[in-house]
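Input: a single structure, listed below in structure tokens.
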Amino acid sequence: MQKGYIVEVFRTSGSLKEPLRQGSSLTVGTFDGVHRGHKRLIEFTVKKAREKGLKSLVLTFEPHPVYVLRPEIEVERIALPEEKIQRLSKFGLDYLLILNFNTKLANFTAMRFFSDILIGDLNARFIALGYNHTFGKNREGNLEFLKQIAPDRGVEVSEVEPFYMDQKPVSSSRIRSALKEGDMEKANGMLNEPFRLPGVIVKGKGLGHDLGFPTINVKVDEGKLIPRPGVYAATCEIGEKDYKGMMYIHPQPENCDLEVNLFEFEGTIYDQRAVVVPREFTREPIKFDNYEDLKKRLALDEKEIKHYFGIE
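Numbering-wise, our numbering puts 197 at position 195 of the sequence shown, and it's gapless, one number per residue.
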């Protein structure tokens with residue numbers, strides 16, 4: 003068990019046998035981004051636990067199953083593992099179980115996963131799943147499969163309707179597409195919390211300082227999805243302080259992925275953690291013939307982004 007979160011976090015299913023002796027209401031999924039559809043599913047799971055006198059549980063996996071099942075595919079995460087835990091911990095759950103997704107687990111048949119883990123270890127009495135959820139080797143398990151076998155084990159199964167936005171179900175893939183398009187309004191509309199870019203402040207080349215627009219340079223944590231390159235209105239958390247500023251995401255990053263010119267900040271900081279929150283995409287990257295043209299464009303960017311934040 004891991005402490006330090008609002009929810010108790012476990013890494014092995016067997017360690018939950020005793021805590022779940024009275025039975026569990028659970029849901030299962032990868033939950034990348036913990037979007038509004040996930041929120042609906044988890045809140046329903048918690049509600050049923052309270053109604054039935056059960057413990058509420060979310061079962062999720064790390065690493066992302068695609069890393070194991072399709073290693074040739076590069077998956078960029080909407081929320082890295084630590085952020086996913088933080089987001090999942092806010093729903094009033096009793097327990098969060100994070101199973102190591104490896105080839106052994108990937109080869110569990112749907113029946114074995116149901117019998118050994120959901121029933122044997124987690125004492126499931128109520129299972130809530132999304133409409134398109136699959137599990138087990140070759141994705142052979144789904145809602146219909148569970149509805150056929152679960153009643154004989156005294157387990158109730160319920161399908162939770164997706165959350166719709168623009169007449170389409172909210173999904174992690176839709177959020178990734180919106181981020182890659184720089185559509186922060188759409189992406190954040192599908193998420194429960196604003197999309198964040200956590201990373202470390204590193205030393206840059208000092209060009210921004212020379213142009214009169216000093217920046218912090220951020221190397222984003224590995225595996226995190228980075229939105230469309232260009233200029234954004236952004237906020238930045240450093241320590242206990244929040245700043246507004248303009249952010250530039252590099253189209254071809256070298257030692258850092260992005261730079262942020264922080265308004266109302268003076269000083270130099272390196273090797274500290276920063277969390278940058280892109281708020282609105284304002285323009286694509288532009289190649290300039292000289293530094294003077296770049297400086298003029300940055301002044302226009304600053305004016306536009308300060309107007310966005312209501313700063314005069």
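Ideal Cβ positions, reconstructed from N, Cα and C, are used throughout, including at glycine.
Item                                                                                                                 : Value
Assigned secondary structure, T105 (DSSP; H/G/I helix, E/B strand, else coil)                                        : helix
Selection from L300, S117, Y97 that minimises the alpha carbon distance to V9                                        : Y97
Cβ shell of E286 (< 6 Å), same chain only, five flanking positions each side left out                                : G232
DSSP state of P287 mapped onto helix, strand, coil                                                                   : coil
Beta-carbon proximity list for K297, same chain, < 6 Å, skipping 5 on both sides                                     : L213
Distance between N219 and K205 (C-alpha atoms, nearest Å)                                                            : 7 Å
Identity of the residue in G184, R275, L120 nearest T14 by Cα                                                        : L120
Three-pair Cβ contact test at 8 Å for the segment 259-271 versus the segment 233-248                                 : yes
contact_flag[the segment 140-150, the segment 32-52] where n(CB pairs < 8 Å) is 3 or more                            : no
Contact check, K221 vs L82, beta carbons under 7 Å                                                                   : no
Neighbourhood of S27 by C-beta distance below 6 Å, restricted to the same chain and skipping five residues each side : T47, K50, A51, L56, S58, F128
CB of K19 within 7 Å of CB of D123, strictly                                                                         : yes
T29, buried or exposed, once every other Cβ within 10 Å from all chains shown has been counted against 16            : buried
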